[in-house]
Amino acid sequence: MKIVIVHGQNHEGSTCHIARMLAEKLHGEVQEFFLPRQFGKFCTGCTTCFCKDETLCPHYKELRPLTEALNEADVIILASPVYVYHATGAMKAFLDHYGYRWMVHRPDARMFRKIGVCISTAAGAGMKSTNKDMADSLFFWGVPKIYKLGFSVQATGWEQITPKNKAKLERSTDQLAAKIIRCSGKVKPGIKTKAFFGMMRMVQKNGGWNPADHDYWEAKGWLGSARPWK
Ligand SMILES: Cc1cc2nc3c(=O)[nH]c(=O)nc-3n(C[C@H](O)[C@H](O)[C@H](O)COP(=O)(O)O)c2cc1C
1466 MKIVIVHGQN HEGSTCHIAR MLAEKLHGEV QEFFLPRQFG KFCTGCTTCF
1516 CKDETLCPHY KELRPLTEAL NEADVIILAS PVYVYHATGA MKAFLDHYGY
1566 RWMVHRPDAR MFRKIGVCIS TAAGAGMKST NKDMADSLFF WGVPKIYKLG
1616 FSVQATGWEQ ITPKNKAKLE RSTDQLAAKI IRCSGKVKPG IKTKAFFGMM
1666 RMVQKNGGWN PADHDYWEAK GWLGSARPWK
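When the letters of the sequence shown are read in order and numbered with this note's numbering, they come out as residues 1466 to 1695.
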């Protein structure tokens, strides 16, 4: 099993420890990226990726190692500490670069077989909105199975987390790892993904938002009977 962890921060704190804890329990091949150290660009808003081609993005080359890792992974773990109730700016800036991959534009067919995990930690609260920040991208990329782990660690660093809370983290990651191992290689889109894909298909059939998107759907055969999960 190939696992990629994208860390929304550079440091190895509580969130990083928990993401690694889960990844180790999956007994796969793990690749990690820390943001912004390994990718720290902001989207310029040129919309070239949407209107023409993502390879023309000014950050395409720097983003490519992360994109390739996402494409090849069986499990994508997006992990971010809660910063003012949301994912870190670095995580958001990273995800902005994949707007063109949303189902409304040009989703990558490989996404429809993957498992996604969103992990966030807060000193107190904000895990729900933070996990949603990341889960939204996974869903709209087409990832059919998305798990969310949010922990109020009552700490600002890994060393401060109490043994009782660390034991809870172990239990939660044990349970999730078992679920992921059980369903790995067998995930298929559910009704929500299929319905959304169907709506986007109708939009593309009627010309789409731009010729680049429409031509992509046509070339994939998705305007006919082909589907990315088949
Ligand atoms: C800029 C910043 C904003 C934060 N905002 C929140 C917040 O909105 N809610 C909260 O409970 N904790 C907040 N925290 C605390 C962290 O989310 C919390 O300590 C987290 O577990 C840190 O994870 P890390 O060790 O992986 O960095 C914030 C911390 C920072 C640095």
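Ideal Cβ placement from N, Cα and C applies to all residues, glycine included.
Considering just the uninterrupted stretch of the alpha helix (DSSP H) at C1481, what are its terminal residues? The residue labelled residue 1481 in the question sits at position 16 within the sequence shown. Where C1481 is concerned, the enclosing alpha helix (DSSP H) stretches over S1479 to K1490.
Between E1621 and ligand 1, is there a pair consisting of the residue's CB and a ligand heavy atom that are separated by less than 7 Å? Counting from 1 along the sequence shown, the entry for residue 1621 is found at position 156. Correcting the residue identity first, residue 1621 is Thr in this sequence and not Glu. It does: the Cβ of T1621 is within 7 Å (strictly closer) of some heavy atom of ligand 1.
Could you tell me which whole alpha helix (DSSP H) segments of length 4 or greater appear in the stretch 1539-1578? 1554-1561
Please report the residue range of the beta strand (DSSP E) in which F1504 lies. Within the sequence shown, the letter at position 39 stands for residue 1504. Here F1504 belongs to no beta strand (DSSP E), and DSSP marks it neither H nor E.
Please state whether DSSP places K1597 in a helix, a strand or coil. Residue 1597 sits at position 132 when you count from the first residue of the sequence shown. Helix.
Just the Cα atoms here: how many angstroms apart are P1572 and G1478? In the sequence shown, the residue the question calls residue 1572 occupies position 107. In the sequence shown, the residue the question calls residue 1478 occupies position 13. For P1572 and G1478, the distance between alpha carbons rounds to 33 Å.
Whose C-alpha, out of G1554, V1608 and M1568, is nearest the C-alpha of S1649? In the sequence shown, the residue the question calls residue 1649 occupies position 184. Checking every option, the nearest Cα to that of S1649 belongs to V1608.
Confirm the yes/no value for this check: CB of G1591, any heavy atom of ligand 1, distance under 7 Å. Locating residue 1591 in the sequence shown gives position 126, counting from the first residue. Answer for G1591: yes, Cβ within range of ligand 1.
According to DSSP, S1617 sits in a beta bridge with which residue or residues? As a working note, residue 1617 is residue 152 in the sequence shown. According to DSSP, S1617 bridges with A1587.
Using C-beta distances below 6 Å, list every residue in its chain close to D1678, excluding the 5 sequence neighbours before and after it, in chain order. Position 213 of the sequence shown, counting from 1, holds the residue named residue 1678. Here the set comprises H1570 and R1571.
Out of Y1565, T1621, R1692 and M1592, state which residue places its alpha-carbon closest to the alpha-carbon of H1551. Walking along the sequence shown from the start, residue 1551 turns up at place 86. Of Y1565, T1621, R1692 and M1592, the residue nearest in Cα terms is M1592.
With DSSP run on the structure shown, which of helix, strand or coil describes Q1496? Numbered from 1 along the sequence shown, position 31 holds the residue referred to as residue 1496. Three-state DSSP puts Q1496 in a strand.
E1494 versus E1533: straight-line alpha-carbon distance, rounded: For the purposes of this step, residue 1494 is identified with residue 29 of the sequence shown, where counting begins at 1. For the purposes of this step, residue 1533 is identified with residue 68 of the sequence shown, where counting begins at 1. The straight-line gap from Cα to Cα measures roughly 15 Å.
With H, G and I counted as helix, E and B as strand and the rest as coil, what does DSSP make of V1608? Position 143 of the sequence shown, counted from the first residue, corresponds to residue 1608. Looking at V1608 - three-state DSSP - the assignment turns out to be coil, as it is neither helix nor strand.
Give a single yes or no on whether Y1550 has its beta carbon closer than 7 Å to a heavy atom of ligand 1. For this step, residue 1550 is matched to residue 85 along the sequence shown. True, at least one ligand heavy atom lies under 7 Å from that Cβ.
If you measure from the CB of T1638, is any heavy atom of ligand 1 nearer than 7 Å? Stepping through the sequence shown from its first residue, residue 1638 is reached at position 173. Because no heavy atom of ligand 1 lies under 7 Å away, the Cβ of T1638 does not count as near it: no.
So, under 8 Å CB-CB, S1617 and A1643 are touching, yes? Tell me the CB distance rounded to an integer number of Å. Walking along the sequence shown from the start, residue 1617 turns up at place 152. Walking along the sequence shown from the start, residue 1643 turns up at place 178. About 23 Å separates the two Cβ atoms, so there is no contact after all.
Per DSSP, what kind of secondary structure is K1652 in: helix, strand or coil? Within the sequence shown, numbered from 1, the residue matching residue 1652 stands at position 187. Residue 1652 is actually Val in this sequence, not Lys. Of the three classes helix, strand and coil, the one that applies to V1652 here is coil, per DSSP.
Within the chosen definition, does the stretch 1501-1519 reach the stretch 1660-1678 through at least 3 CB pairs nearer than 8 Å? Touching, per the Cβ criterion.
Cα separation between M1486 and S1545? Here residue 1486 refers to the residue found at position 21 when the sequence shown is read from its first residue. Here residue 1545 refers to the residue found at position 80 when the sequence shown is read from its first residue. Those two C-alpha atoms are separated by around 14 Å.
Thinking P1693 and F1577 are a contact (beta carbons under 8 Å), I'd like their distance in whole angstroms, please. Looking up residue 1693 in the sequence shown gives position 228. Looking up residue 1577 in the sequence shown gives position 112. P1693 to F1577, Cβ: 4 Å. Contact.
Neighbourhood of S1700 by C-beta distance below 8 Å, restricted to the same chain and skipping five residues each side: This structure cannot settle anything about residue 1700, because the visible part of the chain is limited to 1466 through 1695.
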